[in-house]
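Undergrad:
Number of protein chains: 4
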Amino acid sequence: MTIDFRSDNTHGCSPGIVEALSRAAGGTVSSYGGDEITSRLRRKCRELFDTDLEIFPLATGTGANSLAIAAMTPPWGGVFCHEDAHIHRDEMGAPEFYTNGAKLFPVAGADGKLSAKARPQWIDAIAREGRTALPSCLSLTQATEAGTVYSLAEMQALGEVARTRKVGLHVDGARFANAVVSTGASAADLTWRAGVDVLIFGATKNGAMAAELMVVFRKDLVPELTTRIHRAGQRLSKMRFVSAQFEAYLADDLWLNNARQANGVATRLATALAALPGVELLRPVEANIVFARFPAHALAALRDRGFLFYDWSLFGEGAVRLVTGFSSTDADADALVGAVREIV
Amino acid sequence: MTIDFRSDNTHGCSPGIVEALSRAAGGTVSSYGGDEITSRLRRKCRELFDTDLEIFPLATGTGANSLAIAAMTPPWGGVFCHEDAHIHRDEMGAPEFYTNGAKLFPVAGADGKLSAKARPQWIDAIAREGRTALPSCLSLTQATEAGTVYSLAEMQALGEVARTRKVGLHVDGARFANAVVSTGASAADLTWRAGVDVLIFGATKNGAMAAELMVVFRKDLVPELTTRIHRAGQRLSKMRFVSAQFEAYLADDLWLNNARQANGVATRLATALAALPGVELLRPVEANIVFARFPAHALAALRDRGFLFYDWSLFGEGAVRLVTGFSSTDADADALVGAVREIV
Amino acid sequence: MTIDFRSDNTHGCSPGIVEALSRAAGGTVSSYGGDEITSRLRRKCRELFDTDLEIFPLATGTGANSLAIAAMTPPWGGVFCHEDAHIHRDEMGAPEFYTNGAKLFPVAGADGKLSAKARPQWIDAIAREGRTALPSCLSLTQATEAGTVYSLAEMQALGEVARTRKVGLHVDGARFANAVVSTGASAADLTWRAGVDVLIFGATKNGAMAAELMVVFRKDLVPELTTRIHRAGQRLSKMRFVSAQFEAYLADDLWLNNARQANGVATRLATALAALPGVELLRPVEANIVFARFPAHALAALRDRGFLFYDWSLFGEGAVRLVTGFSSTDADADALVGAVREIV
Amino acid sequence: MTIDFRSDNTHGCSPGIVEALSRAAGGTVSSYGGDEITSRLRRKCRELFDTDLEIFPLATGTGANSLAIAAMTPPWGGVFCHEDAHIHRDEMGAPEFYTNGAKLFPVAGADGKLSAKARPQWIDAIAREGRTALPSCLSLTQATEAGTVYSLAEMQALGEVARTRKVGLHVDGARFANAVVSTGASAADLTWRAGVDVLIFGATKNGAMAAELMVVFRKDLVPELTTRIHRAGQRLSKMRFVSAQFEAYLADDLWLNNARQANGVATRLATALAALPGVELLRPVEANIVFARFPAHALAALRDRGFLFYDWSLFGEGAVRLVTGFSSTDADADALVGAVREIV
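Chains as they are written, first to last, in our numbering: chain A, 1 to 344; chain B, 345 to 688; chain C, 689 to 1032; chain D, 1033 to 1376.
In structure tokens, the structure reads:
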């Protein structure tokens, strides 16, 4: 038997979402988003975010993030993101592909977050230079790859940076639900009210099969995004089946409940690990990811007992990343803590 | 009440596929294709096609087609396809995007098909010129956008063209099942044995939710395709959910049965329509699409009665395209024929 | 001894241009166009074209044409040009490269020219379809690759097509001087007054070393063109040396005199050849190119006598292209005519 | 009267090069490099570099550098260069354009140089990660943007890095002559013998009008480079006029003499400035560039007296860059030193 802390994308699909797909399976409907489920989802999102907006249901987060960035960034544009941002480190240059060759500027920042406290020299220097790239887009991950969360105040400060520098503001929200639960702020406050232009609202990592919603707050971007999604081959003909996943995700607070579960298990795990001698927490735990350092000999021993997780060489020897998902349980956390206690 | 002949992508999802998704929903598994369902699917495909091969489960046909073409075509390459090919006419330049600017050469040909009977002047002239583009890829649609099917002999002849001209051979198989049923040939004979390098084997139009399988017969293309799919943001993290759809699709001949149903209704419809005065069939009906001309006044009248279909202006006034799907019935066909008879 | 009819780019450099380069060689001046020669050239062009405009001195025509098209064409745009247009047939996809993958639509038309007489179905069909590409740019070659010239009325009619279809109008003017001489129309009338947005005004083929002037009549395109030229590595640091060539080219009507010479020799040649039995002129001769068919045995015999020219397989056996340049002479023409007479 | 230290590209053209252009101006010759001057230049380069190689005469350094990098870097590749490298900081993303979206990894290093002493963590980390980019090319500038020079030993060490990491090695040699003079090493030792695959051998900054020679030591790159240059619109039709500049550049050691002059004036300037109180040299002076800090009030005063130079904000207040060229004189240096002495 194994207990899996590798990633939230190793988890399956929430029953409510499976049922929604089953209900949506019959009959013929308009393709490419002309169906009633997609219409209902659009209305639901306008309520949730308390504003006019457009949605594009898509199948992958990387595709969605890259398309959103491309709509705000010319080929000679510059995209500013944290140096650990998924779009920069993990996608073989997907934003560069979609933008036709824009430059990503990876920026250092504590706890996986860009800081807006200091003057953003990282963007102003490029603007002043004038020959490196045209500053065009600021891309944030919420919750971050480091398992931290931008607070409402931090989002507002970075929104102000984007506004005053006249660059777009994109949020990679693969774990947006985890951030909403963690901050307690509203979806609207964390996004357009803080200046976000496009949010990629992920459901896949939090209980859907494959459902990422591009939420566009700047309506002027809609025509170009429509064309770009088409040209990228990311329009889903039977769009109802992504919309149905997302509708179920938003119904009855499934998205928040799933995230609350994942965050809760992560917090429980972190709290207990922090109390163990020989274990070091490497970053604040604000969402569903725990970075910890175990004694080096513990890693193989834990794996022998069936625990699955990744080494995280960024932090040196013994460092691991532990990710919880919607189907993680307190018992999973307790089992790992118990095993660590025994081994260490 | 409506009867829908707009497209096969307006149809829903086969019960067997819904059930497979439901079964796959639980537990944690390796993401990005490291799961057991994907492994089983790979084995199943090797059996079905009777050869070693690699598979990439993907969410959209256009993305898959474009990636396959890009792996065989440098930016300065030329792609040869029928002038009605979906990749050329309907996707806002998706292959141009994925290839970083290759040229598509649309070629005329009867019944939506490229002919290999004549010497392929369309490719040899470009090769001779030497300054327009480097001939790199031949792309066929099987079944075609015209509702016709390349026979086994035709596939072999075009495979020979590709082989002797040293260009890749790609098949857009959005309706590959319909072609297999129509020709009675084996999946292997219609593909790699005829010289096909990459088949995009569609399930979406024939009863899946969103499942397109890139089937790669040329193993040397696999590393680059792996990278391209990654960079394009088309890797599905929870790949099991596409693989599960496809596994169910291939189980118990569901793919063939669904296609047989769609083809059968189309043939029934075509036969009956052809017998009606004032109705003209515009193309041979070999798969699940019927092109017909009705008296001009009939179109609105049919729509008033709840029949859904698209005008097809390519053929002038009164021309329509009627597409059947896996959930179309003989009764649907008979209802349309009856209505036409009354109106005309 | 040889007499060269291969191309106008085999000819050398006009003495006046060499002298101008020599005069410009001393001293230090601002680079990248901040020099006085470039300023004078800008003023001169505003006079010549009788309007406000911006200029970009560049080194190659293909680069310049592609940049101009790219500034008017998004990656999903469509560019309409004659099927014999250099940008389509001869440049390995340069416009596709610069536009990041736009589609070129090659259009048939008599004598190497697009016709505006008929309704331009070639553009309207794509606009109506809506899923192939966004019609964005019309590209004309003046004088054409066929050695013909768009009359003022033809330019105006095509300008009207561009205006009413809301697409940009680009002119590849590698042989613009030959067209001005041929039509007798003014540079202004043949360009912006007819609706041209950007002219690539070539000097290289007509007596310069390497000097192509991008003349931009739509000032709103200037910022993006500035960036695109920079990013493409086509900004010349010592721009004075292109500007000096062009200044000399425009001084004392050198451009017109050189073109008049080339056109005159071509006309003389065509007239005399047409009178010979066994020789067929294949196209109207309106600039500096003659397409003719000789008896098949004549080609090798002419080459034995030192005449240089290219076969033109487009027109079948015995067809040749004869191009004159600024340094061609009446004696060159007479020598060829005499040789043909003897051989035939 | 002004004395110009802005850049070496504000200087004019060496008389010997003007004369060569004048000699080359007459008669017709094969275009696109089929001429005798280009053939002679190829032979001359094979002698100079003491090896088989291919050359492509081009008009701009940025275009040439980007093309060379693109031939060694797939769209998903990574290019490693110094963080001050011209290709990264100053060209609006030219390499990203030519590579179709590769990533540049700017690397810190003292005196504008990459260090090969330490293990190149900057490349190995990306290789290990495996999901950021495929390490593909190492790009060095010789002499550097900092006015320093890679010694022969440094070149060899970095060549070893490239060889063992299996990445291409490109040299931006806009000031290659200055480096050869400075190091005293042979052109061959500094390039292919150290592992360089492609050198962009600049003449423009050192006395030509517009002449950059792509020198390709890896013959397997030649076909792709031929196509890329064509598609990029960088083939010069009258190539003889670039070849003639370069032939004169290499004749009678003009390239070395010009560089020796520029380097000599820079050294004279640096030595004298270093002796002045209140003046700080900011970097070693090994070629033709001096970075210095003057008292802040001195800058305007020097400009009032006619000295032209750029502020260099990278080094903070009072910092300037002083560049000498082939036509700079000892008197220029002395005049500036004298003025600084008076002002400070």
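Every residue, glycine too, gets a C-beta built ideally from N, C-alpha and C.
First and last residue of the alpha helix (DSSP H) that includes A:Pro75?
TA: Within the first sequence, residue 75 of chain A is the residue found at index 75, counting from 1. Unbroken run through A:Pro75: none, as it is neither H nor E.
Undergrad: Rounded to a whole number of angstroms, what is the C-alpha to C-alpha distance between B:Val667 and B:Glu568?
TA: Within the second sequence, residue 667 of chain B is the residue found at index 323, counting from 1. Within the second sequence, residue 568 of chain B is the residue found at index 224, counting from 1. For B:Val667 and B:Glu568, the distance between alpha carbons rounds to 36 Å.
Undergrad: Kindly list, in the order they appear in chain A, the residues whose Cβ is closer than 8 Å to that of D:Lys1135.
TA: The sequence position of residue 1135 of chain D within the fourth sequence is 103, counting from 1. Within 8 Å Cβ-Cβ: Gly93, Glu96 and Leu104.
Undergrad: Out of B:Ala645, B:Ala501, B:Ser657 and B:Trp656, which one is the CA nearest neighbour of B:Leu680?
TA: If you number the second sequence from 1, residue 680 of chain B lands on position 336. Residue B:Ala645 is the option with its Cα nearest to B:Leu680.
Undergrad: Take every Cβ of the stretch 431-445 of chain B, pair it with every Cβ of the stretch 459-468 of chain B, and state whether three or more of those distances are shorter than 8 Å.
TA: Judged by Cβ distances under 8 Å, the stretch 431-445 of chain B makes no contact with the stretch 459-468 of chain B, as fewer than three pairs qualify.
Undergrad: So, does the stretch 699-717 of chain C touch the stretch 630-638 of chain B, judging by three or more C-beta pairs under 8 Å?
TA: Segments in contact, no.
Undergrad: Within 7 Å of any Cβ in chain D, is that where the Cβ of C:Val706 sits?
TA: Walking along the third sequence from the start, residue 706 of chain C turns up at place 18. It does: the Cβ of C:Val706 has a partner Cβ on chain D nearer than 7 Å.
Undergrad: Given that D:Val1061 touches chain F, what residues does it touch there, using C-beta distances under 7 Å?
TA: Protein chains A, B, C and D are contained in the structure displayed, whereas chain F is not.
Undergrad: Should D:Ile1069 and D:Ala1276 be called a contact, given that it needs their Cβ atoms to be closer than 7 Å?
TA: The residue you call residue 1069 of chain D lines up with position 37 of the fourth sequence. The residue you call residue 1276 of chain D lines up with position 244 of the fourth sequence. For D:Ile1069 and D:Ala1276, yes; Cβs fall inside 7 Å.
Undergrad: Buried or exposed: which applies to A:Arg228, given that a residue is buried once 16 or more other Cβ atoms fall within 10 Å of its Cβ?
TA: By one-based count along the first sequence, residue 228 of chain A stands at place 228. Buried, by the Cβ-count rule.
Undergrad: Our contact map puts D:Ala1294 next to D:Gly1357 with C-beta atoms below 8 Å; I'd like the distance itself, whole angstroms only.
TA: Locating residue 1294 of chain D in the fourth sequence gives position 262, where the first residue counts as 1. Locating residue 1357 of chain D in the fourth sequence gives position 325, where the first residue counts as 1. About 5 Å; that satisfies the 8 Å criterion.
Undergrad: Taking the Cβ atom as the reference point for each residue, do B:Ser374 and B:Ser581 lie within a distance shorter than 7 Å?
TA: As a first step, residue 374 of chain B is located in the second sequence; it is residue number 30 there, counting from the start. As a first step, residue 581 of chain B is located in the second sequence; it is residue number 237 there, counting from the start. In this structure, B:Ser581 does not lie closer than 7 Å to B:Ser374 by Cβ.
Undergrad: Measuring only the C-alpha atoms, how far is B:Asp455 from B:Cys425?
TA: Stepping through the second sequence from its first residue, residue 455 of chain B is reached at position 111. Stepping through the second sequence from its first residue, residue 425 of chain B is reached at position 81. Cα to Cα, B:Asp455 sits roughly 13 Å from B:Cys425.
Undergrad: Are the Cβ atoms of D:Ala1235 and D:Phe1081 separated by less than 7 Å?
TA: Position 203 of the fourth sequence, counted from the first residue, corresponds to residue 1235 of chain D. Position 49 of the fourth sequence, counted from the first residue, corresponds to residue 1081 of chain D. No; because the gap between Cβ atoms is not below 7 Å, this pair is not in contact.
Undergrad: Hey, quick one: how far does the beta strand (DSSP E) through C:Thr829 stretch, first residue to last?
TA: Residue mapping note: residue 829 of chain C aligns to position 141 of the third sequence, counting from 1. Where C:Thr829 is concerned, the enclosing beta strand (DSSP E) stretches over Leu822 to Thr829.
Undergrad: Assuming B:Lys447 contacts B:Gly422 under a Cβ cut-off of 8 Å, what Cβ separation, rounded to an integer in Å, is found between them?
TA: Mapped onto the second sequence, residue 447 of chain B falls at position 103. Mapped onto the second sequence, residue 422 of chain B falls at position 78. With 8 Å as the limit, B:Lys447 and B:Gly422 qualify as a contact, their Cβ atoms being about 5 Å apart.
Undergrad: Give me, in chain order, the residues of the same chain whose beta-carbon lies closer than 7 Å to that of B:Trp656; leave out the 5 immediate sequence neighbours on both sides.
TA: The residue you call residue 656 of chain B lines up with position 312 of the second sequence. Phe635, Ala663, Val664 and Arg665.
Undergrad: Around the Cβ of D:Arg1263, are there at least 16 other Cβ atoms within 10 angstroms (buried) or fewer (exposed)?
TA: Residue mapping note: residue 1263 of chain D aligns to position 231 of the fourth sequence, counting from 1. Classification of D:Arg1263: buried, given that the 10 Å Cβ count is 16 or more.
Undergrad: Kindly list the residues whose CB is nearer than 7 Å to the CB of B:Phe653, restricted to its own chain and excluding five residues on each side of it in sequence; keep chain order.
TA: Looking up residue 653 of chain B in the second sequence gives position 309. Cβ neighbours of B:Phe653 beyond the five flanking positions: Phe349, Arg350, Val664, Arg665 and Leu666.
Undergrad: At a Cβ cut of 8 Å, what residues of the stretch 176-199 of chain A count as close to chain B, listed as they run along the chain?
TA: Taking 8 Å as the Cβ-Cβ cut-off against chain B, none of the residues of the stretch 176-199 of chain A qualify.
Undergrad: Can you tell me which residues form a DSSP beta bridge with C:Glu968?
TA: Here the question's residue 968 of chain C lines up with position 280 in the third sequence. Answer is C:Arg981.
Undergrad: Roughly how many angstroms separate the alpha carbons of C:Trp764 and B:His432, rounded to a whole number?
TA: Here residue 764 of chain C is taken as the residue at index 76 of the third sequence, counted from 1. Here residue 432 of chain B is taken as the residue at index 88 of the second sequence, counted from 1. Answer to the nearest angstrom: the Cα atoms are 12 Å apart.
Undergrad: Thinking B:Ala554 and A:Phe241 are a contact (beta carbons under 8 Å), I'd like their distance in whole angstroms, please.
TA: As a first step, residue 554 of chain B is located in the second sequence; it is residue number 210 there, counting from the start. As a first step, residue 241 of chain A is located in the first sequence; it is residue number 241 there, counting from the start. The Cβ separation is near 6 Å, so the contact holds.
Undergrad: I'd like to check one pair, B:Asp541 with B:Phe520: are the Cβ atoms closer than 7 Å?
TA: The count along the second sequence starts at 1 and reaches residue 520 of chain B at position 176. The count along the second sequence starts at 1 and reaches residue 541 of chain B at position 197. Cβ distance not < 7 Å, so B:Phe520 and B:Asp541 don't count as in contact.
Undergrad: Beta carbon of B:Val493, beta carbon of B:Thr535: below 7 Å?
TA: On the second sequence, position 149 is the one that residue 493 of chain B refers to. On the second sequence, position 191 is the one that residue 535 of chain B refers to. Against a cut-off of 7 Å, the Cβ pair of B:Thr535 and B:Val493 comes out as no contact.
Undergrad: Just by C-beta distance, which residues in the stretch 56-79 of chain A are closer than 9 Å to chain C?
TA: From the stretch 56-79 of chain A, only Pro74, Pro75 and Trp76 have a Cβ closer than 9 Å to chain C.
Undergrad: Output the distance between the C-alpha atoms of D:Glu1079 and C:Thr955, rounded to the nearest integer angstrom.
TA: Locating residue 1079 of chain D in the fourth sequence gives position 47, counting from the first residue. Locating residue 955 of chain C in the third sequence gives position 267, counting from the first residue. Cα to Cα, D:Glu1079 sits roughly 47 Å from C:Thr955.
Undergrad: Where does B:His355 fall in DSSP's three states?
TA: Mapped onto the second sequence, residue 355 of chain B falls at position 11. Here B:His355 sits in coil by DSSP.
Undergrad: Going by DSSP, which residues form a beta bridge with B:Phe400?
TA: What you label residue 400 of chain B is simply residue 56 of the second sequence in a count that begins at 1. For B:Phe400, which the question treats as bridged, DSSP gives the partners B:Met558.
Undergrad: Please list the terminal residues of the continuous alpha helix (DSSP H) segment that includes C:Val859.
TA: Against the third sequence, residue 859 of chain C aligns to sequence position 171. Run containing C:Val859: none in the alpha helix (DSSP H); it sits in the beta strand (DSSP E), Gly856 to Gly861.
Undergrad: Excluding the 5 residues flanking D:Leu1172 on each side, which residues of the same chain have their C-beta closer than 6 Å to its C-beta?
TA: By 1-based counting over the fourth sequence, the position of residue 1172 of chain D is 140. Within the same chain, D:Leu1172 has close Cβ partners Val1203.
Undergrad: Just to confirm the assignment: which complete alpha helix (DSSP H) runs, minimum length 4, are found wholly within the stretch 569-625 of chain B?
TA: Counting only runs of 4 or more, we get 584-594 and 598-618.
Undergrad: In chain B, which residues lie with their C-beta within 7 Å of the C-beta of D:Arg1263?
TA: The residue you call residue 1263 of chain D lines up with position 231 of the fourth sequence. Simply Trp420.
Undergrad: Go through its chain and collect everything with a Cβ distance to C:Leu846's Cβ below 6 Å, but skip five positions before and after it.
TA: As a first step, residue 846 of chain C is located in the third sequence; it is residue number 158 there, counting from the start. Counting only Cβ-Cβ distances below 6 Å, and skipping sequence neighbours, we find Ala804.
Undergrad: Which residue marks the beginning of the beta strand (DSSP E) containing A:Phe49, and which one marks its end?
TA: Reading the first sequence from its first residue, position 49 is the one you call residue 49 of chain A. It is not in any beta strand (DSSP E) - A:Phe49 instead sits in the alpha helix (DSSP H) that spans Glu36 to Phe49.
Undergrad: So is B:His430 buried or exposed if we call it buried at 16+ other beta carbons inside 10 Å?
TA: In the second sequence, residue 430 of chain B corresponds to position 86, counting from 1. B:His430 is buried by the Cβ-count criterion.
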